[in-house]
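Residue 185 is where the sequence shown starts when you use the numbering used here, and the numbers rise one by one after that.
Quick reminder that beta carbons are idealized off the backbone N, C-alpha and C, glycines included.
No experiment lies behind these values; they were computed from the predicted model shown.
Note sheet for the following structure.
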Amino acid sequence: NTGNWPDRNGSEPAVVGLCVMAFLAHGEDPNHGPYAGNIRRGIEYIMDQQNSGNGYIGSSMYNHGFATLSLAEAYGVLRDDRVAQALKKAVDLILSAQERNPRGAWRYTPESPDADTTVTGAQMVALFAARNAGLPVPDEALKKGQAFLKRC
Numbered sequence: 185n186t187g188n189w190p191d192r193n194g195s196e197p198a199v200v201g202l203c204v205m206a207f208l209a210h211g212e213d214p215n216h217g218p219y220a221g222n223i224r225r226g227i228e229y230i231m232d233q234q235n236s237g238n239g240y241i242g243s244s245m246y247n248h249g250f251a252t253l254s255l256a257e258a259y260g261v262l263r264d265d266r267v268a269q270a271l272k273k274a275v276d277l278i279l280s281a282q283e284r285n286p287r288g289a290w291r292y293t294p295e296s297p298d299a300d301t302t303v304t305g306a307q308m309v310a311l312f313a314a315r316n317a318g319l320p321v322p323d324e325a326l327k328k329g330q331a332f333l334k335r336c
């Protein structure tokens, strides 16, 4: 009933986000149907895990990226103002972390000066999903992330 799954990793926002994504990819609707409650509780759980000050979700950029991706996908269906606010804060954190990073990409924390492809990939899919959901995502941010991935 809390929106997470009670096992070793089921409380990680990334895992909850991926579970929400699985429901949505299966065609389940957060507004009605047998799994609507599961999806909504998952989204609520992710939003509860978000730092109200800086928008960071979880304890790593992996968590943040996949949780942000699920917020973007859910917002596309829900059009809920609270989800929009959480998504905007999450996207802003991704963008500010990239601006601080000399490689134009991401690593394990928002302050990391280095970068890797897997964490960068998680942030990139979150940014593309946020853009698809209607949030403004600068072209330059996407280009920097793509350039990093091409260099690797």
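Anticipated Cβ contact below 8 Å, residue i with residue j, distance rounded
i	j	result
Arg287	Glu295	Contact doesn't hold; Cβ gap of about 13 Å is too wide.
Leu262	Pro197	That belief does not hold up - the Cβ atoms of Leu262 and Pro197 are roughly 17 Å apart, past 8 Å.
Ile227	Val204	6 Å
Ala317	Gly237	About 23 Å separates the two Cβ atoms, so there is no contact after all.
Gln282	Ala325	6 Å
Ala251	Ile278	Contact doesn't hold; Cβ gap of about 11 Å is too wide.
Leu319	Val275	6 Å
Lys272	Gln234	About 11 Å; that fails the 8 Å criterion.
Limits of the unbroken alpha helix (DSSP H) element including residue i
i	result
Gly226	220 to 233
Val204	197 to 209
Thr302	301 to 316
Asp213	Element bounds for Asp213: n/a, residue is neither H nor E.
Asp323	323 to 335
Alpha carbon of residue i to alpha carbon of residue j, nearest angstrom
i	j	result
Phe207	Pro297	35 Å
Ala270	Cys336	31 Å
Pro345	Ala310	Nothing about residue 345 can be read from this structure; the chain reaches only from 185 to 336.
Arg224	Ala299	33 Å
His248	Tyr240	6 Å
Ala289	Phe312	15 Å
Ser243	Thr293	8 Å
Leu333	Ala306	12 Å
Gly221	Asp191	19 Å
Ala258	Thr301	25 Å
Lys327	Thr186	38 Å
Gly337	Asp264	Outside the shown range of the chain, which is 185 to 336, sits residue 337, and nothing can be said about it.
Ser280	Ser195	26 Å
Asp232	Asn188	11 Å
Asn193	Ala256	22 Å
Leu202	Ser254	7 Å
Met308	Arg291	12 Å
Ala209	Met245	23 Å
| task | Write down every uninterrupted run of the alpha helix (DSSP H) in the stretch 247 to 284 whose length is 4 residues or greater and which is fully enclosed by it, in chain order. | result | As summarised for the stretch 247 to 284, the continuous alpha helix (DSSP H) elements at least 4 residues long and confined to that stretch are 265 to 284, given in chain order.
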